[in-house]
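The next block holds one structure in the form of structure tokens; read it before the comments.
There are 6 protein chains.
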Amino acid sequence: MFRILTPKTVVSAHCDLPCGVYDPAQARIEATSVLAMQKKAAANDDPLYKTRAEIIIHERAGLAKHHLAVLWHDYFKPEHFEKYPELHDLINKTIKAGSGTGARGSLDPATGQALLDGIDAVAKIFWETKGKEYVLPQSADQA
Amino acid sequence: MFRILTPKTVVSAHCDLPCGVYDPAQARIEATSVLAMQKKAAANDDPLYKTRAEIIIHERAGLAKHHLAVLWHDYFKPEHFEKYPELHDLINKTIKAGSGTGARGSLDPATGQALLDGIDAVAKIFWETKGKEYVLPQSADQA
Amino acid sequence: MFRILTPKTVVSAHCDLPCGVYDPAQARIEATSVLAMQKKAAANDDPLYKTRAEIIIHERAGLAKHHLAVLWHDYFKPEHFEKYPELHDLINKTIKAGSGTGARGSLDPATGQALLDGIDAVAKIFWETKGKEYVLPQSADQA
Amino acid sequence: MFRILTPKTVVSAHCDLPCGVYDPAQARIEATSVLAMQKKAAANDDPLYKTRAEIIIHERAGLAKHHLAVLWHDYFKPEHFEKYPELHDLINKTIKAGSGTGARGSLDPATGQALLDGIDAVAKIFWETKGKEYVLPQSADQA
Amino acid sequence: MFRILTPKTVVSAHCDLPCGVYDPAQARIEATSVLAMQKKAAANDDPLYKTRAEIIIHERAGLAKHHLAVLWHDYFKPEHFEKYPELHDLINKTIKAGSGTGARGSLDPATGQALLDGIDAVAKIFWETKGKEYVLPQSADQA
Amino acid sequence: MFRILTPKTVVSAHCDLPCGVYDPAQARIEATSVLAMQKKAAANDDPLYKTRAEIIIHERAGLAKHHLAVLWHDYFKPEHFEKYPELHDLINKTIKAGSGTGARGSLDPATGQALLDGIDAVAKIFWETKGKEYVLPQSADQA
């Protein structure tokens, strides 16, 4: 009823056509927003404020997840996954940390911090693959 | 300058809160559109037609990529990746098959078929984790 | 001040160019999410949880509405509306069942079920126009 | 395998909750853009210009279709469809006039004009249901 | 580390290529929705209703902001800003009136009215630049 | 027919509620993609490649415009516009440099560079308002 994908079928995919420009800062800026909102919502008892905080956290965490997924499937190549065997797991768990069971569904700043920590770990590897040391985006202290 | 994400930090993430409903059919329907468009564009010499085909392929392949990424980070859990050690790679390569270096950047139906084959392989594992045999969506023969 | 659209003006529109691939499963999977969220929210007293449930229901019901509208205006043709005189009304009422006055604005699972029932009735006709019997998507029992 | 939607199930849907504000001008402004782009593209031989025209027409016609669908399923009520038996058909054909087989897939200004004519016919009925005479949006002469 | 943008660099930008069609009615219709929602939410004590109102206000105010920004950067030209020296400020403050510190983050209809007033003031100038007198969209009394 | 917005009406808007986190790097990363695509498209004669380049440039430049507009209306406050009287104009011209008459409608890398230069000038002021010196995002050399 369906054909099995053999590794051979898609292994020829390589980046000889429109590669975008990648920067883990995109995910980190959104995650910084999530953490900042969580801290503000924790210090505010107005139900409308908390509702709005959750609407914005939902948006921002969703964008952070998207940017991380793009790094995983568009930037990182088979040779990166060979060199960093934990990379699949690290990105997968970091995106989960930005999901409904993590920062996206919580007003606890610890969950936003866990998401940021994961992004920083991914970013460190990202810049290593380019022979550079990771520098935090300038907005890092806004949360 | 940044803290390393230790597995301990996020391993507690589990799906006890808003889990969505998942179905690989979402990715497959979009990929079927991609393949159908590629076949039509191959048989049409009008430049406007080809431009429109590429606009729609860009949209549809982008949605297929998104639905696959959602399966990877929202549905599949650590125990699935343990049971299917090739799963990370399979999904990663399938999303790449739907990217600019694959079906999203080509009018060659072979690339659309490679994307479909990858989705079917992911779907087979998806349904195995639920103890069911994978059945193709009813729209499978529309391409 | 404006010209009246005579049926003659647009009746020549027929699908000889980029037709997409259609499958009512797209609307049904989103509606299944709506119903699943309503059931979970009903069993949970946390205000944040209920807020998040409503955010997600708003998203998913909006997508279900969109997929139904696409079937109505992109897939179904004049000959279908002739053969099924109730079809306009059925789709219109089903989309209304997914709107703010229906499942999109309620946490009552009965509204989510009404949306699903409408989608199934539309899907039955959809597959009849293709000479096939409608089979529920595999994700049907996830709600 | 699925329950049939009886009219009884959803007929109770009426607008006693969050109704939006509706105005056919939303669809008309987008359609005016479509027509304006078609006229400019017809007078320009640069392939990049034509590609950009089609990208923008694809966006704008898609928005016009969406706004028309919203009028159909969110604004118009059963009593309107009873009073205007041709209304389902008129909206359906107008959206088709904005689809790939109509203005969305063509650089011929006649297709953009057909879309505008359909929107005007819908708008005339819309304002009749509110006891007003339809006035064209101020941007009507920008195409 | 970076080059300073001299006015000379971009002053050559003028509208000789794909200009869209512009109409302040787009922002006004969305803002009318915001005000209508605020009035309804004020008269309803159901927490779910208020949550839904805020979700919709967030969407609609976001669209109003977007349409205003488009007028500012895509429609208005240097000569307009010269002729109306207060125009930058007026649009900037109007968009802020539709932001989280204004109507987007409040259920107080006074904030929605302030947004509408700002849009009307922008629209008056917009139509003056085209030698016309501003007429409110027909949907103006729906809030 | 409409009330004029007096400055008094909205001047009370200040950021005491959900402020996001802002970083000009968001606009710059997208603009870097635009420039990279323009360079690649210039070196490639395949019509499909050029079409795809324009689709992606259209997306990326649109995002750069959006991020710049957000800085203008959500981050910058009246006191900033007083201190930097050229700021309105600088941002307005930079967004125009990313529009259809600029980088968004061209494959000439000079237009992408002009957009980047504008963003850098805005970013320099942005960081000055925070008492910091602007540092280019790490992805700056990917174009």
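Sequence order for the protein chains is A, B, C, D, E and F.
All letters in the first sequence, in the order written, are residues -7 to 135 by our numbering.
All letters in the second sequence, in the order written, are residues -7 to 135 by our numbering.
All letters in the third sequence, in the order written, are residues -7 to 135 by our numbering.
All letters in the fourth sequence, in the order written, are residues -7 to 135 by our numbering.
All letters in the fifth sequence, in the order written, are residues -7 to 135 by our numbering.
All letters in the sixth sequence, in the order written, are residues -7 to 135 by our numbering.
Yeah, the Cβ is synthetic: ideal placement off N, Cα and C, and Gly gets one too.
Continuous alpha helix (DSSP H) stretch holding residue i: start and end
{"i": "arginine 20 of chain B", "result": "17 to 34"}
{"i": "valine 62 of chain D", "result": "39 to 62"}
{"i": "proline 77 of chain B", "result": "Counting along the chain, proline 77 of chain B falls outside any alpha helix (DSSP H), and DSSP gives it neither H nor E."}
{"i": "lysine 116 of chain F", "result": "101 to 120"}
Per-residue contacts from residue i into chain A (C-beta, under 7 Å)
{"i": "tyrosine 67 of chain F", "result": "Here the premise fails: no neighbours, minimum Cβ distance about 11 Å."}
{"i": "alanine 135 of chain F", "result": "Val13"}
{"i": "threonine 103 of chain F", "result": "Per Cβ cutoff of 7 Å: no residues; threonine 103 of chain F is ~16 Å from chain A at best."}
Of the residues the options, the one placed nearest residue i, counting alpha carbons only
{"i": "leucine 63 of chain C", "options": "C:Ile87, C:Lys75, C:His50", "result": "C:Ile87"}
{"i": "leucine 40 of chain C", "options": "A:Met29, A:Glu46, A:Asp38, A:Leu27", "result": "A:Glu46"}
{"i": "leucine 108 of chain F", "options": "F:Ala34, F:Leu27, F:Lys31", "result": "F:Leu27"}
{"i": "alanine 154 of chain E", "options": "E:Ala35, E:Arg20, E:Phe118, E:Asp66", "result": "Not covered by the structure: residue 154 of chain E. The range shown for chain E is -7 to 135."}
{"i": "glutamine 130 of chain C", "options": "B:Asp133, B:Glu120, B:Gln134, B:Ala135", "result": "B:Glu120"}
{"i": "glutamine 18 of chain F", "options": "F:Ile48, F:Ala56, F:Thr43", "result": "F:Ala56"}
{"i": "histidine 50 of chain C", "options": "C:Tyr76, C:Arg96, C:Asn36, C:Phe118", "result": "C:Arg96"}
{"i": "phenylalanine 73 of chain C", "options": "C:Ala106, C:Phe118, C:Pro16", "result": "C:Phe118"}
{"i": "isoleucine 48 of chain F", "options": "B:Gln30, B:Ser91, B:His80", "result": "B:Ser91"}
{"i": "leucine 99 of chain C", "options": "E:Leu79, E:Glu22, E:Asp38, E:Ala23", "result": "E:Asp38"}
{"i": "threonine 103 of chain D", "options": "D:Thr43, D:Ala23, D:Lys69", "result": "D:Ala23"}
{"i": "cysteine 13 of chain C", "options": "C:Lys122, C:Ala135, C:Ala132, C:Asp133", "result": "The residue you asked about is not cysteine; residue 13 of chain C is valine in the sequence shown. That would be C:Lys122, whose Cα lies nearest to the Cα of valine 13 of chain C."}
{"i": "serine 25 of chain B", "options": "B:Lys116, B:Gln105, B:Pro70, B:Glu71", "result": "B:Gln105"}
{"i": "alanine 89 of chain E", "options": "F:His65, F:Pro16, F:Lys124", "result": "F:His65"}
Pair within 8 Å by beta-carbon distance, residue i and residue j
{"i": "glycine 110 of chain F", "j": "lysine 75 of chain F", "result": "no"}
{"i": "leucine 60 of chain A", "j": "valine 114 of chain A", "result": "yes"}
{"i": "leucine 79 of chain B", "j": "phenylalanine 68 of chain B", "result": "yes"}
{"i": "alanine 132 of chain B", "j": "lysine 31 of chain B", "result": "no"}
{"i": "alanine 35 of chain D", "j": "proline 101 of chain D", "result": "no"}
{"i": "threonine 93 of chain A", "j": "threonine 43 of chain E", "result": "no"}
Cross-chain neighbours of residue i in chain B, by beta carbon under 9 Å
{"i": "lysine 124 of chain C", "result": "Gln130"}
Within chain C, the residues that residue i reaches when beta carbons sit closer than 9 Å
{"i": "histidine 59 of chain A", "result": "Residues of chain C passing the Cβ test: none, with the nearest at roughly 19 Å."}
7 Å Cβ cut-off: residues of chain F touching residue i
{"i": "histidine 80 of chain E", "result": "His80"}
{"i": "valine 127 of chain A", "result": "Gln130"}
Residues that residue i contacts on chain E, provided the C-beta gap is smaller than 8 Å
{"i": "isoleucine 87 of chain C", "result": "The contacting residues do not exist; isoleucine 87 of chain C stays about 17 Å from chain E at best."}
Neighbouring residues, chain F, relative to residue i (Cβ below 8 Å)
{"i": "isoleucine 21 of chain A", "result": "Val13, Asp15, Ala17, Gln18"}
Interface residues of chain C facing residue i [CB-CB closer than 7 Å]
{"i": "threonine 43 of chain E", "result": "Thr43, Glu46"}
{"i": "threonine 121 of chain B", "result": "What threonine 121 of chain B touches in chain C: nothing, since even the nearest Cβ is about 12 Å away."}
Partner residues on chain F for residue i, Cβ-Cβ distance less than 9 Å
{"i": "leucine 55 of chain D", "result": "Correct list: empty, because the minimum Cβ distance to chain F is about 14 Å."}
{"i": "asparagine 84 of chain E", "result": "Trp64, His65, Phe68, Pro70, Phe73, His80"}
Beta carbon proximity, residue i to chain G, threshold 8 Å
{"i": "glutamine 30 of chain D", "result": "Absent from the structure is chain G; the protein chains it does hold are A, B, C, D, E and F."}
Chain E contact residues for residue i, given Cβ-Cβ distances below 9 Å
{"i": "leucine 99 of chain C", "result": "Leu40"}
Residue i: CB within 7 Å of a non-hydrogen atom of the ligand SAH
{"i": "glutamate 46 of chain E", "result": "Ligands in the displayed structure: none, and consequently the ligand SAH is not present."}
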